[in-house]
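So the structure is just underneath, and the comments pick up after that.
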Amino acid sequence: MTGDQMEGKILRSELRWALVVAAVVLLILAAILFAGISMHINPPSNREYIDPKSLHLSGEFTEANLGTSVAADGQVTTRIITTQFAFVPQCVVVPVDRQVTLRFTSPDVIHGILVTGTNVNTMIVPGHISQVHTIFRKTGNLLMPCHEFCGMGHSQMLARVRVVAPDQFKPGPDGRISCG
Ligand SMILES: [Cu+2]
Numbered sequence: 045m046t047g048d049q050m051e052g053k054i055l056r057s058e059l060r061w062a063l064v065v066a067a068v069v070l071l072i073l074a075a076i077l078f079a080g081i082s083m084h085i086n087p088p089s090n091r092e093y094i095d096p097k098s099l100h101l102s103g104e105f106t107e108a109n110l111g112t113s114v115a116a117d118g119q120v121t122t123r124i125i126t127t128q129f130a131f132v133p134q135c136v137v138v139p140v141d142r143q144v145t146l147r148f149t150s151p152d153v154i155h156g157i158l159v160t161g162t163n164v165n166t167m168i169v170p171g172h173i174s175q176v177h178t179i180f181r182k183t184g185n186l187l188m189p190c191h192e193f194c195g196m197g198h199s200q201m202l203a204r205v206r207v208v209a210p211d212q213f214k215p216g217p218d219g220r221i222s223c224g
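For what it's worth, this note's numbering labels the leading residue of the sequence shown as 45, then goes sequentially.
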């Protein structure tokens with residue numbers, strides 16, 4: 045085989061492999077589009093945006109709005125900011141056996157949270173609000189650590205979720221309740 049023939053063979057082999065790779069990429073893209081458009085499967089959590097630069101100035105995540113609040117219709121919502129390297133607030137109170145909506149956001153980097161022994165587990169991306177619905181089945185103190193490495197103080201990033209019985213879940217006149 046001459047050098048030219050050899051080179052032609054290598055070139056054809058490379059082109060065949062390039063076609064195989066292109067076909068696989070197209071197949072994956074088609075699967076993603078199909079899942080998104082016709083099956084409505086999107087990345088987890090609802091898509092809600094918030095300006096991470098002004099969280100503390102106005103809107104839902106100002107200091108007075110953080111923690112647990114009960115709306116007039118009885119809906120329990122807990123709002124928490126995750127930041128390097130703390131949770132605000134560090135402790136929240138929630139009622140047992142009742143639907144709770146947890147809402148998180150971050151002003152700095154990506155964090156992640158889970159609540160031990162529950163299905164609560166989400167990533168928190170700056171500029172987005174992460175929302176989780178859950179029902180806490182047992183009373184007691186649960187740990188809520190950050191599980192997304194977020195910097196030097198990551199290992200100190202820990203909050204508590206205090207799950208209380210209905211007779212201990214007494215929000216104030218403004219509908220708010222805190223660990224106190
Ligand atoms: Cu973190």
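Just so it is clear, CB atoms sit at the ideal spot from N, CA and C, and this is done for glycine as well.
Asked, Found
"Candidates Gly-184, Leu-186, Leu-77, Ile-124, of which the one nearest Met-167 by Cα", "Ile-124"
"Below 5 Å from a heavy atom of ligand 1 - residues by beta-carbon", "His-155, Cys-190, Cys-194, Met-201"
"Residues of its chain near Val-159, where Cβ-Cβ distance is below 7 Å and the 5 sequence neighbours each way are ignored", "Leu-186, Met-188, Val-205"
"The segment 140-156 / the segment 203-217 touching (three or more Cβ pairs under 8 Å)", "yes"
"DSSP beta-bridge partners of Phe-131", "Thr-126"
"For Gln-200, the nearest candidate out of Ile-54, Ala-62, Phe-131 (CA to CA)", "Phe-131"
"Helix, strand or coil at Lys-214 according to DSSP, with G and I counted as helix", "coil"
"Residues near His-155 by beta carbon distance below 6 Å, same chain, minus five either side", "Thr-126, Ile-168, Cys-190, Glu-192, Cys-194"
"Same chain, Cβ closer than 7 Å to Thr-46, neighbours up to 5 away in sequence not counted", "none"
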